[in-house]
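Asks: Last residue of the sequence shown: number 141 in numbering that gives the first Met the number 0, and the count goes up by one each step with no gaps.
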Amino acid sequence: MSNQHITITGYHPTRFYLYLSDHGTNTRVEPRGNVVWHMAENSGVTITGIEPKAGDCTDYFSTCPHKERKIWTGKIKRDAEPGTEWYYTIYWTDQHEHPHEEDPKIAIKPPDFHFKIIKILLMVVGAFTFYKIFSGKKKGKH
Numbered sequence: 000m001s002n003q004h005i006t007i008t009g010y011h012p013t014r015f016y017l018y019l020s021d022h023g024t025n026t027r028v029e030p031r032g033n034v035v036w037h038m039a040e041n042s043g044v045t046i047t048g049i050e051p052k053a054g055d056c057t058d059y060f061s062t063c064p065h066k067e068r069k070i071w072t073g074k075i076k077r078d079a080e081p082g083t084e085w086y087y088t089i090y091w092t093d094q095h096e097h098p099h100e101e102d103p104k105i106a107i108k109p110p111d112f113h114f115k116i117i118k119i120l121l122m123v124v125g126a127f128t129f130y131k132i133f134s135g136k137k138k139g140k141h
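(1) Could you spell out where the beta strand (DSSP E) holding GLU100 opens and where it closes?
(2) How do the stretch 49-58 and the stretch 8-19 stand: do at least 3 beta-carbon pairs fall below 8 Å, yes or no?
(3) Less than 8 Å between the beta carbons of VAL142 and ILE119, yes or no?
(4) Where do the ends of the beta strand (DSSP E) carrying CYS56 lie?
(5) Measure the beta-carbon distance from TRP91 to ILE132 and round it to whole angstroms, keeping in mind my assumption that it falls under 8 Å.
(6) Out of LYS69, THR62, ASP58, GLU50, which has the shortest C-alpha to C-alpha gap to ILE7?
(7) What residues match up with PRO109 in a beta bridge as DSSP calls it?
(8) Taking the Cβ atom as the reference point for each residue, do GLY32 and ILE75 lie within a distance shorter than 8 Å?
(9) How far does the beta strand (DSSP E) with TYR86 in it extend, from its first residue to its last?
(10) At 3 residues or longer, what runs of the beta strand (DSSP E) sit wholly inside the stretch 5-44?
(11) Ordered along the chain, which non-local residues of its own chain (more than five positions away) have a Cβ less than 8 Å from that of THR26?
(12) Express the C-alpha separation of MET38 and TRP71 in angstroms, rounding to a whole number.
Here it is, written out as structure tokens:
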């Protein structure tokens with residue numbers, strides 16, 4: 000499980016879009032991973048909410064994005080489908096307390112190659128153990 004950090008460094012002063020460390024499209028997170036949104040010091044941004052564009056946050060998150068002190072965080076579901084993308088809205092206010100919205104996305108990473116190999120090896124060992132246990136039992140005489 001890993002944390003994926005997104006830092007909001009500021010916003011465009013006339014077009015009012017956020018400056019995000021992931022550019023709003025490059026966040027890739029593993030199932031069971033945490034997404035953490037930080038506001039850089041002097042960014043002039045206050046997040047007031049993070050919500051899905053469609054559906055419910057529980058479609059992707061076991062713990063929906065929520066505020067914890069000065070950051071926002073959410074935990075991706077264990078069974079989140081690899082390769083899916085979550086489009087969401089960041090509701091925020093600027094330094095003058097004017098409300099705005101930003102619509103970035105997060106992609107769920109497919110398992111890496113090593114994880115797939117370990118999973119296959121565990122399945123083979125489990126199947127072999129099952130076979131050995133149940134093939135060694137002899138049938139009783141009648």
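Built from N, CA and C at the ideal position, the CB exists for glycine as well.
Replies: Walking through what the data contain:
(1) 98-101
(2) The count of Cβ pairs closer than 8 Å, one atom from the stretch 49-58 and one from the stretch 8-19, stays below three, leaving the stretches out of contact.
(3) In the structure as shown, the chain begins at 0 and stops at 141. Residue 142 is therefore absent and cannot be evaluated.
(4) First-last for CYS56: undefined, no H or E at that position.
(5) Actually they do not touch by this definition, with Cβ atoms about 58 Å apart.
(6) Of LYS69, THR62, ASP58, GLU50, the smallest CA-CA separation from ILE7 is found for LYS69.
(7) In the DSSP output, where bridge partners are listed per residue, PRO109 has none listed.
(8) yes
(9) 84-92
(10) You should have 17-19, 26-28, 33-38.
(11) Closer than 8 Å at Cβ, skipping near neighbours: GLN3, ILE5, VAL34, PRO103, LYS104, ILE105, ALA106.
(12) 9 Å
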